[in-house]
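J.: Under this note's numbering, the first residue of the sequence shown is numbered 14, with each subsequent residue one higher. Just so it is clear, CB atoms sit at the ideal spot from N, CA and C, and this is done for glycine as well.
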Amino acid sequence: QDTPIHRLFEARAAARPEAVAVEFGTQRLTYAELNARANRLAHALIGQGVRPDDRVAICVERGLGMLVGILGVLKAGAGYVPLDPGYPADRLAYTLRDSAPVAVLVQADTREVLADVPTPVIDIDVAAAGGATDNPDVAGVSAASLAYVIYTSGSTGQPKGVMIEHRNVTRLFSATDAWYGFDDTDTWALFHSFAFDFSVWEIWGALLHGGRLVVVPKLVSRSPRECYALLCEAAVTVLNQTPSAFRQLIAAQAESAQAHRIRYVVFGGEALEVGMLKPWYDDARNGACQLVNMYGITETTVHVTYWPLQANGGGTPASIGRPIPDLSAYVVDANLNPMPVGVPGELCIGGAGVARGYLNQPALTAKRFIRNPFGASEQDRLYRTGDLARFLPDGSLEYLGRIDTQVKIRGFRIELGEIEAALSALDGVREALVVAREDEPGEKRLVAYYVIDPAQAQQDIAQLRTGLSRTLPDFMLPSLFVALERFPLTANGKVDRAALPKPAQSVDTLHYVAPRTAIEERLAAIWAQVLRLDKVGIHDNFFAAGGDSIRAVSVLSKAKAQGLDFALIDLFTQQTIANLAQALSTDDVSASHASEALTLCEA
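Encoded structure:
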């Protein structure tokens, strides 16, 4: 715990220099090669004036360069700020302004994503191609130095940066070692965006144990069939998933004859519905694989609790297990008084995983990161999670939801207030309210309710969605929009959320065009079934009608069963039945518009 992350990696590189550290498709880097490239980049950054605890932004697509960039920044003594190139330009610009990095790392294909950047822009591949390869020895870098700043959704309408130190990360693996016993024989899949802190567990779980890290291409991660095939072919042994993604992977496995070598599947990012796991347990290929549920928060460094799951059940459907040994958990009332066993309260976390705080937000840091009233010293701190939980008689915790309006959907933590602020800022919208509804079991979706401003020109749903996409990443875009004359109110004059109408998925009946060919008829029937609509016209947009990436996978599966063979990306690029049917009839279904699809199929 007292050694910085990059020093632990350097020790692994010295012990196993020829072992494969990371691979991406057909590209591979050994530990020695990755260490050398990161060293060259680090020396270049130091030459640019980068100093301990500075921040360096990284805007790259998934690949080997991403790992070189992260390691190079840490070796230079700075903390990295991940920028997902798929995020809207406004969000990237805000993150750059707020984090004020001393340099920005890019690659040739991501330089144009960023607008005017006042700090030096450095190409990772160029900087890592020449220069000294010795491990930099930067004075002043310690386990208490900044490792990264990851931005999460903010209730004020802007994201907030969480500052994590080296020691927060390294202790995560030493504290959980007795449970997992990860070693240099493990192969980890890097499934998630490096702007999502689940990636921290994936990257360092592999590299700090001398294992192999397989970077899953972004489009592959969105295609359960391709992803399952990659996991089998790459002999992945440790897989990390949100429950939403794993649900689709279970379905993909059922259609495949391949066998995997996964020994651990670790869940995180959102609440787990244990009933969805039955098909997995019923498949004999999964007998040697242990499923683990780990509740976690960015502000307490990825994971907080550990709950090994069993095929015959155990615990309650909402069990999240016990805290990691070097963390403490308290369930308290509004005045921080401990609640009795079985009584709900706010979950507060203390211990070695608690972050430094929020960047540039001292008031919010003081509100959420408080002195631990149960601690032994004045330096002990608690993070107030805003989550409701209760202790069970066996000492484990049960997760009961949120106190505020924050939600988690497919692993992404979302402040509904941020979406409401963005929607209210659009012309023609007077009031906005966003809720996460689960009208169908296991299918939580964002629904936007809005009141039209009669003084301005009205926008249709497609325009609203397009307007939001300029400032919000795709995982924050509502699936459905409902226009109301006014919001229902309680007797106290507050918005009555319980009285908000259930959204009726609908299409543009005014401009409805019926299917004209056999392919269009089959596609229309499938879309109507998946979207739960009476009918779908050939010019209706799949996503505007309530579709999302989860439903897209369902469409793909049902279409394949009816002899319509196309890739998931084709549904994202050909979003109407007419376009998709034309592509199918001409056999012109491909990934030719991959860059466009990346924007659409995030999360």
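(1) Using only the alpha-carbon positions, how far apart do L546 and A527 sit?
(2) Between V460 and V448, which are expected to be in contact by the criterion C-beta below 8 Å, what is the C-beta distance as a whole number of angstroms?
(3) Quick check on DSSP: helix, strand or coil for M307?
(4) When you compare only the Cα positions, how much space is there between E444 and S482?
(5) If I measure Cβ to Cβ from L243 and keep anything under 7 Å in the same chain, skipping five residues before and after, which residues do I get?
(6) Can you list, in chain order, the residues of its chain with a C-beta nearer than 8 Å to that of P406? Leave out the 5 residues immediately preceding and following it.
(7) Run the CB neighbour count on E312, radius 10 Å, all protein chains shown included, and call it buried at 16 or more, exposed below.
(8) Mind reading off the beta-carbon distance from R235 to S562? Whole number of angstroms is fine, and I expect it under 8 Å.
(9) Assign D136 to one of three DSSP states: helix, strand, or coil.
(10) Could you spell out where the beta strand (DSSP E) holding M79 opens and where it closes?
(11) Return the chain-ordered ranges of every alpha helix (DSSP H) run that is complete within the region 263–347 and spans a minimum of 4 residues.
(12) L203 lies in the beta strand (DSSP E); which residues open and close that run?
(13) Grab me the residues of S598's own chain with a C-beta within less than 7 Å of its C-beta, minus the 5 sequence neighbours each way, in chain order.
(14) Here's the rule: buried if 16 or more other CB atoms are within 10 angstroms of the residue's CB, otherwise exposed. What is S158?
(15) Contact check, S187 vs E428 under 8 Å by CB: the rounded distance?
(16) Please report the residue range of the alpha helix (DSSP H) in which I177 lies.
(17) Out of W320, G328, A470 and I362, state which residue places its alpha-carbon closest to the alpha-carbon of L340.
(18) Just verifying my parser: in three-state terms, what is the DSSP assignment at V228?
(19) Quick check on the burial criterion: 16 or more other C-beta atoms within 10 angstroms. Buried or exposed for K421?
(20) Work out the CA separation of F500 and Q469 for me, nearest whole Å.
(21) So, do the region 278–288 and the region 296–308 have three or more beta carbon pairs nearer to each other than 8 Å?
(22) State the start and end residues of the unbroken alpha helix (DSSP H) segment that holds R483.
(23) Find the nearest neighbour of G38 within the set D66, G82, E246 and F211, judged by alpha-carbon distance.
(24) In the structure shown, what three-state DSSP assignment does V117 receive?
(25) Between the C-alpha atoms of P149 and E268, what's the straight-line distance to the nearest angstrom?
(26) Classify V126 as helix, strand or coil using the three-state DSSP reduction.
(27) Could you check how far apart the C-beta atoms of L485 and I432 are, in whole angstroms? I think they sit under 8 Å.
(28) Looking at the unbroken beta strand (DSSP E) that takes in R397, where does it start and where does it end?
(29) With DSSP as the reference, label A449 as helix, strand or coil.
(30) What's the gap between the Cα of D196 and the Cα of V94?
T.: Considering the structure as presented:
(1) Indexing the sequence shown from 1 puts residue 546 at position 533. Indexing the sequence shown from 1 puts residue 527 at position 514. C-alpha of L546 to C-alpha of A527: approximately 14 Å in a straight line.
(2) One-based indexing of the sequence shown puts residue 460 at position 447. One-based indexing of the sequence shown puts residue 448 at position 435. V460 to V448, Cβ: 6 Å. Contact.
(3) Counted from its first residue, the sequence shown places residue 307 at position 294. If DSSP states are grouped into helix, strand and coil, M307 belongs with coil.
(4) Here residue 444 refers to the residue found at position 431 of the sequence shown. Here residue 482 refers to the residue found at position 469 of the sequence shown. So the alpha carbons of these two residues sit roughly 18 Å apart.
(5) As a position in the sequence shown, residue 243 is number 230, starting the count at 1. Residues V229 and V233 of the same chain have their beta carbon placed closer than 7 Å to that of L243, with the five preceding and five following residues left out of the count.
(6) The residue you call residue 406 lines up with position 393 of the sequence shown. V354 and G355, listed in sequence order.
(7) Mapped onto the sequence shown, residue 312 falls at position 299. Buried is the call here.
(8) Within the sequence shown, residue 235 is the residue found at index 222, counting from 1. Within the sequence shown, residue 562 is the residue found at index 549, counting from 1. That pair is a contact at about 6 Å.
(9) The count along the sequence shown starts at 1 and reaches residue 136 at position 123. Strand at D136.
(10) Taking the first residue of the sequence shown as position 1, residue 79 is located at position 66. Where M79 is concerned, there is no enclosing beta strand (DSSP E), although the alpha helix (DSSP H) it sits in stretches over L77 to K88.
(11) Fully enclosed alpha helix (DSSP H) runs of no fewer than 4 residues occupy 291–295 of the region 263–347, in order along the chain.
(12) Walking along the sequence shown from the start, residue 203 turns up at place 190. Its beta strand (DSSP E) spans residues T200 to L203.
(13) Taking the first residue of the sequence shown as position 1, residue 598 is located at position 585. Closer than 7 Å at Cβ, skipping near neighbours: I532.
(14) The residue given as residue 158 occupies position 145 in the sequence shown. Buried is the label assigned to S158, since at least 16 other Cβ atoms lie within 10 Å of its Cβ.
(15) Working through the sequence shown from its first residue, we reach residue 187 at position 174. Working through the sequence shown from its first residue, we reach residue 428 at position 415. At roughly 32 Å, the Cβ-Cβ gap does not stay under 8 Å, so S187 and E428 are not in contact.
(16) The residue you call residue 177 lines up with position 164 of the sequence shown. No alpha helix (DSSP H) contains I177, which is instead part of the beta strand (DSSP E) from K173 to E178.
(17) Here residue 340 refers to the residue found at position 327 of the sequence shown. Out of W320, G328, A470 and I362, I362 has the C-alpha closest to the C-alpha of L340.
(18) Stepping through the sequence shown from its first residue, residue 228 is reached at position 215. Here V228 sits in strand by DSSP.
(19) Along the sequence shown, one-based indexing puts residue 421 at 408. Classification for K421: buried.
(20) Along the sequence shown, one-based indexing puts residue 469 at 456. Along the sequence shown, one-based indexing puts residue 500 at 487. Each residue's Cα considered, the two are about 19 Å apart.
(21) With the cut-off at 8 Å, the region 278–288 and the region 296–308 touch.
(22) Numbered from its first residue, the sequence shown carries residue 483 at position 470. R483: not part of any alpha helix (DSSP H); DSSP gives it neither H nor E.
(23) On the sequence shown, residue 38 is found 25 positions in, with the first residue counted as 1. Per the Cα distances, E246.
(24) Position 104 of the sequence shown, counting from 1, holds the residue named residue 117. Correct three-state label for V117: strand.
(25) For the purposes of this step, residue 149 is taken as the residue at position 136 of the sequence shown. For the purposes of this step, residue 268 is taken as the residue at position 255 of the sequence shown. Taking the straight line from one Cα to the other gives about 49 Å.
(26) Indexing the sequence shown from 1 puts residue 126 at position 113. DSSP places V126 in helix when its eight states are reduced to three.
(27) As a first step, residue 485 is located in the sequence shown; it is residue number 472 there, counting from the start. As a first step, residue 432 is located in the sequence shown; it is residue number 419 there, counting from the start. Going by Cβ atoms, the distance from L485 to I432 rounds to 7 Å, so yes, they are a contact pair.
(28) Residue 397 sits at position 384 when you count from the first residue of the sequence shown. R397 -> beta strand (DSSP E) spans R394 to F404.
(29) Within the sequence shown, the letter at position 436 stands for residue 449. Strand, per DSSP.
(30) As a first step, residue 196 is located in the sequence shown; it is residue number 183 there, counting from the start. As a first step, residue 94 is located in the sequence shown; it is residue number 81 there, counting from the start. Roughly 28 Å between the two C-alpha positions.
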